[in-house]
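Worksheet: one structure, shown below.
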Amino acid sequence: MSVIDHHEANGPEAAVRLSEASARDFFALLKPRVMSLVVFTGLAGMVMAPGHIHPFIGFIAILCIAVGAGASGALNMWYDADIDAVMTRTASRPIPAGKIRAEEALAFGLTLSAFSVCILGIVVNWLSAGLLAFTIFFYAVVYTMWLKRSTPQNIVIGGAAGAFPPMIGWACVTNGVAIESIVLFLITFLWTPAHFWALALFKMRDYGAVGVPMLPNVSGEATTKNQIVIYAVLTAIIGVVPTTLGFSSVVYGAFAALLGLGFIWYSIGVWRMPDGDEKMAPAKKLFAFSILYLFAIFSALMIDHLIATLWLTTGGAA
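Taking my numbering, I'd label the letters of the sequence shown as residues 13 to 330.
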């Protein structure tokens, strides 16, 4: 079912669909898996920021970041309902599955966007709210409506939307932006292409069927594999930068280096994979490892920071 079909739905049938939409269906619009990653990296930015934030204010901030991320997902599903209906990976989403009408998803996404930004600005500060608003706009408009269907570099540029949450978390505490928060941004930003192009390799047919110009479909598998290795190396390098800049320990740096070598190892496995390999096992392994990598890096950053803080507050520096 296309976006136009959804927008033209009205009358008694539309009313029935509205009444049958469950809370679970609306929750699915929020892309909960993506939201969990956004919340986690946003929390990392908040934990690592210098200063203090009241636990209740911090909870509200994280909730607003989560709701804003979910709003972006709902707007993305509203606009992409036509291609979601064709792709096997997305055909069961609430709109193409007929569980929620497109205009309901649009209203839901816009409402949550306004709510999350306003509450974050009123309760926390307006810099973090502005960054959240820009993130929602970037993902829903710049990436979804423009880049995704117009350039094979869509995920490189559009990846910025998923990289902003640590900066938002940092700004919630400090009401500012610092080199440390920019490094946290760059970790996710440089990680995104290798992560997503691994997925694009084993979903080439889906993207080709809907005309989305993903890199493997436009430039071929060989070029994509080369780019994956390049971004894996860049990700491994930026992963140890917190140690080189002095805001994480040598222990963290060693752990990040090992993770980075793992990322490169899996990317080389993809690079060595024969073109046209239908099993795509190396690409699937890289995709799975990349998710583990990001959670592990941000977990290590937070643990390292908390240990250092505890050491100082208990007199370790005396």
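We put the beta carbon where it would ideally sit given N, CA and C, even for glycine.
Inset, instruction - Closer than 6 angstroms by C-beta to Ala141: which residues in its own chain qualify, once you throw out the five before and the five after it? Chain order, please. - result: As a position in the sequence shown, residue 141 is number 129, starting the count at 1. Around Ala141: Val129, Leu132 and Gly133.
Inset, instruction - Spatial neighbours of Val7 within its chain, please: CB distance less than 7 angstroms, with the 5 preceding and 5 following residues excluded, ordered by chain position. - result: Since the displayed the chain opens at 13 and closes at 330, residue 7 lies outside it and no answer follows.
Inset, instruction - Determine, using beta carbons only, whether Thr204 comes closer than 7 angstroms to chain B. - result: Checking the listed chains, one finds no chain B in this structure; it contains a single protein chain.
Inset, instruction - Give the secondary structure of Val136 by DSSP, where H, G and I count as helix, E and B as strand, and everything else as coil. - result: One-based indexing of the sequence shown puts residue 136 at position 124. Val136 falls in the coil class under three-state DSSP.
Inset, instruction - Confirm, please, whether the CB-CB distance from Ala152 to Ser84 is below 7 angstroms. - result: The residue given as residue 84 occupies position 72 in the sequence shown. The residue given as residue 152 occupies position 140 in the sequence shown. The criterion of a C-beta distance shorter than 7 angstroms is satisfied by Ser84 and Ala152.
Inset, instruction - Would you list, in sequence order, the uninterrupted alpha helix (DSSP H) runs of no fewer than 4 residues that lie entirely inside the region 243–283? - result: For the region 243–283, whole alpha helix (DSSP H) runs of length 4 or above, ordered along the chain, are 262–283.
Inset, instruction - Kindly indicate which residue of Val282, Leu213, Pro108 and Lys297 has the alpha-carbon position closest to the one of Asn229. - result: Taking the first residue of the sequence shown as 1, we reach residue 229 at position 217. If we check each option's Cα against that of Asn229, Leu213 comes out closest.
Inset, instruction - With a threshold of 16 other CB atoms inside 10 Å of the CB of Ser125, please say whether the residue is buried or exposed. - result: The residue given as residue 125 occupies position 113 in the sequence shown. Label assigned to Ser125: buried.
Legend entry - Cβ pair Pro254, Val50 closer than 7 angstroms: Indexing the sequence shown from 1 puts residue 254 at position 242. Indexing the sequence shown from 1 puts residue 50 at position 38. Cβ distance not < 7 angstroms, so Pro254 and Val50 don't count as in contact.
Inset, instruction - At 4 residues or longer, and completely inside the region 212–246: list those alpha helix (DSSP H) runs for me, N to C. - result: Whole alpha helix (DSSP H) segments, 4+ residues: 216–222 and 227–231.
Legend entry - Which of helix, strand or coil DSSP assigns to Ile169: One-based indexing of the sequence shown puts residue 169 at position 157. Residue state for Ile169 is assigned as helix, using DSSP reduced to three classes.
Inset, instruction - Would you kindly check if the distance between the Cβ of Pro108 and the Cβ of Ala117 is under 7 angstroms? - result: The residue given as residue 117 occupies position 105 in the sequence shown. The residue given as residue 108 occupies position 96 in the sequence shown. Taking 7 angstroms as the Cβ cut-off, Ala117 and Pro108 do not qualify as a contacting pair.
Inset, instruction - Specify, as a first and last residue, the run of the alpha helix (DSSP H) that Ser84 falls within. - result: The residue labelled residue 84 in the question sits at position 72 within the sequence shown. It spans Pro67 to Tyr91 - the alpha helix (DSSP H) in which Ser84 sits, taken as one unbroken run.
Legend entry - Three CB pairs or more closer than 8 angstroms across the region 256–275 and the region 220–240: At 8 angstroms Cβ cutoff, the stretches do not touch.
Legend entry - Buried versus exposed, by CB contacts within 10 Å (16 or more), Ile167: Here residue 167 refers to the residue found at position 155 when the sequence shown is read from its first residue. Buried, because 16 or more other Cβ atoms sit within 10 Å of the Cβ of Ile167.
Legend entry - Touching by the beta-carbon criterion (3+ pairs, under 8 angstroms), the region 255–272 and the region 299–316: yes
Inset, instruction - Take every Cβ of the region 242–252, pair it with every Cβ of the region 196–205, and state whether three or more of those distances are shorter than 8 angstroms. - result: By the C-beta criterion, the region 242–252 is judged to be in contact with the region 196–205, since at least 3 inter-stretch pairs fall below 8 angstroms.
Inset, instruction - Note down the Cα distance separating Leu322 from Asn187, rounded to an integer number of angstroms. - result: Taking the sequence shown and counting its residues from 1, one reaches residue 322 at position 310. Taking the sequence shown and counting its residues from 1, one reaches residue 187 at position 175. One C-alpha to the other measures close to 24 angstroms.
Legend entry - Rounded straight-line distance, which links the Cα of Asn88 to that of Ile169: Here residue 169 corresponds to residue number 157 of the sequence shown, with the count starting at 1. Here residue 88 corresponds to residue number 76 of the sequence shown, with the count starting at 1. Cα-Cα distance, rounded: 16 angstroms.
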